[in-house]
Amino acid sequence: MKIPKNYIPGTNPYKSLPKKPIIESTKKISKKQEQINAEIMNSQEKILKLYMRRLQKKEQMMLQTFIVEGHKVGSKIFNNLPKTLKEIITIMNIESFKILLKNTKNPIKKLYIKFSSWTLNKLLKSIDNSSIKQDKKTSIKNTQKQKTKNK
Numbered sequence: 001m002k003i004p005k006n007y008i009p010g011t012n013p014y015k016s017l018p019k020k021p022i023i024e025s026t027k028k029i030s031k032k033q034e035q036i037n038a039e040i041m042n043s044q045e046k047i048l049k050l051y052m053r054r055l056q057k058k059e060q061m062m063l064q065t066f067i068v069e070g071h072k073v074g075s076k077i078f079n080n081l082p083k084t085l086k087e088i089i090t091i092m093n094i095e096s097f098k099i100l101l102k103n104t105k106n107p108i109k110k111l112y113i114k115f116s117s118w119t120l121n122k123l124l125k126s127i128d129n130s131s132i133k134q135d136k137k138t139s140i141k142n143t144q145k146q147k148t149k150n151k
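Residue numbers for the sequence shown follow UniProt numbering, beginning at 1 and rising by one.
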């Protein structure tokens with residue numbers, strides 16, 4: 001048997017090889033699709049510029065690794081992220097769905113995109129509500145602690 005080109009020493013060369021990244025695919029992309037992708041990238045870059053200033057270095061690194069590795073919303077890794085990063089990622093996805101919705105003509109795809117953006121909006125609201133509830137709980141605990149200290 002022939003050993004594959006991307007063989008990693010110390011591993012079994014005949015086991016399933018890692019998948020190629022999506023970026024390296026050889027499919028030809030139409031000019032319209034390139035324009036849509038460029039528009040999505042521009043909107044996501046704007047959002048990232050807005051929020052990157054507010055994040056600490058550790059959170060910035062977490063966000064970059066999440067984006068580079070191509071994880072999805074709802075995955076285990078997404079659920080383990082801090083709520084600020086969850087908000088940023090969902091906002092970026094909602095913006096990309098808005099651009100896709102604007103540029104698609106297929107009514108079935110439009111329904112799919114609308115449903116996806118609706119679920120992301122619900123997710124964003126639930127993230128916001130959970131943060132508000134946590135803030136209320138911490139403020140209640142703090143007031144109770146102050147009352148016990150005053151007694």
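Backbone N, C-alpha and C define an ideal beta-carbon position, used for all residues, glycine too.
Under DSSP, the alpha helix (DSSP H) around residue i begins and ends at which residues?
{"i": "residue 35", "result": "31-52"}
{"i": "residue 93", "result": "83-103"}
{"i": "residue 68", "result": "57-69"}
{"i": "residue 76", "result": "76-79"}
Relative to the C-alpha of residue i, which candidate in the options has its C-alpha closest?
{"i": "residue 126", "options": "79, 104 and 32", "result": "79"}
{"i": "residue 104", "options": "33, 128 and 120", "result": "33"}
{"i": "residue 56", "options": "67, 71 and 84", "result": "84"}
{"i": "residue 128", "options": "40, 70, 29 and 86", "result": "86"}
{"i": "residue 89", "options": "50, 37, 106 and 30", "result": "50"}
{"i": "residue 152", "options": "120, 70, 102 and 116", "result": "The structure shown does not extend to residue 152, since the chain is modelled only from 1 through 151, so no value can be given for it."}
{"i": "residue 120", "options": "73, 60, 27 and 81", "result": "73"}
Counting C-beta neighbours from all protein chains within 10 Å, is the total for residue i 16 or more, i.e. buried, or is it exposed?
{"i": "residue 63", "result": "buried"}
{"i": "residue 108", "result": "exposed"}
{"i": "residue 29", "result": "exposed"}
{"i": "residue 111", "result": "exposed"}
Under 8 Å, Cβ to Cβ, is there at least one residue of chain D near residue i?
{"i": "residue 43", "result": "The question asks about chain D, but that chain is absent: this structure has only one protein chain."}
Quick check: the region 91-100 against the region 41-50, are at least 3 beta-carbon pairs closer than 8 Å? yes
I'd like to know if the region 66-79 and the region 97-115 are in contact, where contact means that at least 3 CB-CB pairs between them fall below 8 Å. no
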